[in-house]
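For the sequence shown, my numbering assigns the number 70 to the initial residue and increments by one for each residue that follows. Each residue gets a CB set at the ideal place from its N, CA and C atoms; glycine is no exception.
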Amino acid sequence: TSTPTPTVTPAPVARTIYDGTIVEVSKAKIGDVVLFGTYEQDNIESNGTEAIPWYVLDKDGDNLLLLSVNLLDCVQYHEIDDRITWEDCTLRQWMNDEFYNSAFTKEEKKHIQTSYLKNEDNPNYGTEGGNDTEDKVFALSLAEAERYFGIAQDDDYWYWYTASPELSAAKVTAYAEEQ
């Protein structure tokens, strides 16, 4: 079976300041924020998990490409400091197992499609992209970050440029800070 891919439409998300306005998923358009799934965010586990706000980066029919408004947790790309591709990194394993299974209900999982990811080589560092993968949850590729946000390189650091300084970095949740 083939997996639908989102259109390659630059989204105005990076120019949208999240003001707390939430749109129903069925009515969402590019640039809106929707709630989907739950995850510990305020670091007060006794009050339960909190709803996850997501930017709608892209839309293809009823399919949405979402990016969390907040940095939800603190997980390294890979547990060992080694050259590793997306296919084999521990972040991918964590996102598609621990996070996926704790953040989404059985009903919500029915709405999460498997995406085919073409893991291209990084032209800036000459690192191999590795084998293509199929994932339910994934980090944006370099090409996607460039497409949706515009990024620039300064020595060894990458910056996501947005129209507003508040959007240059996602908000880190209290829970993620403690991890």
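Can you name the residues that DSSP bridges to residue i?
i, result
"Y124", "V102, L136"
"T107", "A120"
"Y146", "Beta-bridge pairing links Y146 to no other residue."
"D131", "Paired residue(s): none; D131 is not in a bridge."
"L275", "With the chain running from 70 to 248 in the structure shown, residue 275 is simply not present."
"T196", "N191"
Ends of the beta strand (DSSP E) at residue i?
i, result
"T202", "202-204"
Using DSSP with H/G/I as helix, E/B as strand and the rest coil, what is residue i?
i, result
"D224", "Caution is warranted here: a pLDDT of 47 is assigned to D224, below 50, making its placement in the model unreliable, and the coordinate value is therefore given only provisionally. Residue state, collapsed to three classes: coil."
"T159", "helix"
"E247", "helix"
"Y217", "helix"
"V94", "helix"
"N170", "helix"
"N191", "strand"
"K179", "coil"
Out of the options, which one is the CA nearest neighbour of residue i?
i, options, result
"A208", "L104, W163, H180", "W163"
"A245", "K128, V94, N139, V102", "N139"
"E203", "K187, Y194, R216, E197", "K187"
"Y124", "E114, N132, S137", "S137"
"N200", "T242, A243, W155", "W155"
"E215", "E176, E114, L126, I91", "L126"
"I153", "S184, D190, K128", "D190"
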